[in-house]
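Asks: Residues 4 to 136 (our numbering) are what the sequence shown spells out, left to right. Here it is, the structure, as structure tokens.
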Amino acid sequence: PGGMCEFRRSLANSFLFKFYVDCSRRLEADGLVSDAVTAAGLDRSDLSAADRFHRPFPTGAQYTQVQGGTTVGQPTMHQSAEVQVTGEAEYADDIAKPVNMLHAALVLSTVPHAKILEIDPGPALAVPGVQGF
């Protein structure tokens with residue numbers, strides 16, 4: 004999940020660089036370093052990496068019109084679109100958890116295509132809060 008490996012690596016590098024520049028600027032602001040650019044081995048233009056990026060909130064609209072009495076081949080709005088874009092949609096994480104609610108967890112094999120002969124529930128049952136196996 005999250006896209007290509009190269010993108011994730013580039014994103015992590017960008018966050019690390021932004022953190023590095025921000026720390027360098029804060030050290031200079033606190034008087035611990037006289038010149039953050041020289042101390043960090045940066046160019047003056049690199050300091051903008053720690054600036055906040057502001058842009059206007061995006062807006063948009065889509066107008067559709069069904070022609071000929073059929074929706075085949077025409078764009079249609081999803082049934083839950085309005086509640087999702089307005090923030091009114093309720094998701095599983097939004098629902099209050101019942102008192103004494105239990106959770107389930109999978110026990111996975113460490114050997115692929117193995118024939119399971121026995122499962123020792125002892126270590127799982129020894130964990131505080133485990134109700135059963």
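Where a beta carbon is used, it is the ideal one built from N, C-alpha and C, also for glycine.
(1) Do Leu14 and Arg28 have their CB atoms nearer than 8 Å?
(2) Starting from Pro126, trace the alpha helix (DSSP H) in both directions and tell me its first and last residue.
(3) Is it buried or exposed, Ala84, if we count other Cβ atoms within 10 angstroms and call 16 or more buried?
(4) To the nearest angstrom, how far is it from the Cα of Ala92 to the Cα of Asp33?
(5) Apart from the five residues just before and just after Glu31, which ones in its own chain have a Cβ nearer than 6 Å to its Cβ?
(6) Leaving aside the five residues before and after Ala43 along the sequence, list all residues of the same chain whose C-beta is less than 6 Å from its C-beta, in chain order.
(7) If you compare alpha carbons, which of Gly125, Val102, Lys100 and Met104 is closest to Val110?
(8) Which of the three DSSP states is assigned to Thr113 in this structure?
(9) Quick one: what's got a C-beta closer than 7 Å to Asn16's C-beta in the same chain, skipping five residues either side?
(10) Specify the secondary structure class of Pro4 as computed by DSSP and reduced to three states.
Replies: In terms of the structure at hand:
(1) In this structure, the beta-carbon distance from Leu14 to Arg28 does not fall below 8 Å.
(2) Pro126: member of the alpha helix (DSSP H) spanning Gly125 to Leu128, first to last residue.
(3) Burial call: exposed.
(4) Cα-Cα distance, rounded: 45 Å.
(5) Only Ala39 meet the Cβ criterion.
(6) Answer for Ala43: Ser27, listed in chain order.
(7) Per the Cα distances, Gly125.
(8) Residue state, collapsed to three classes: coil.
(9) Closer than 7 Å at the Cβ level, and outside the excluded window around Asn16, lies no residue.
(10) Bear in mind that the predicted position of Pro4 carries a pLDDT of just 47, short of 50, making it unreliable; the figure below should be weighed with that in mind. In the structure shown, Pro4 sits in coil (DSSP, three-state: anything other than H, G, I, E or B).
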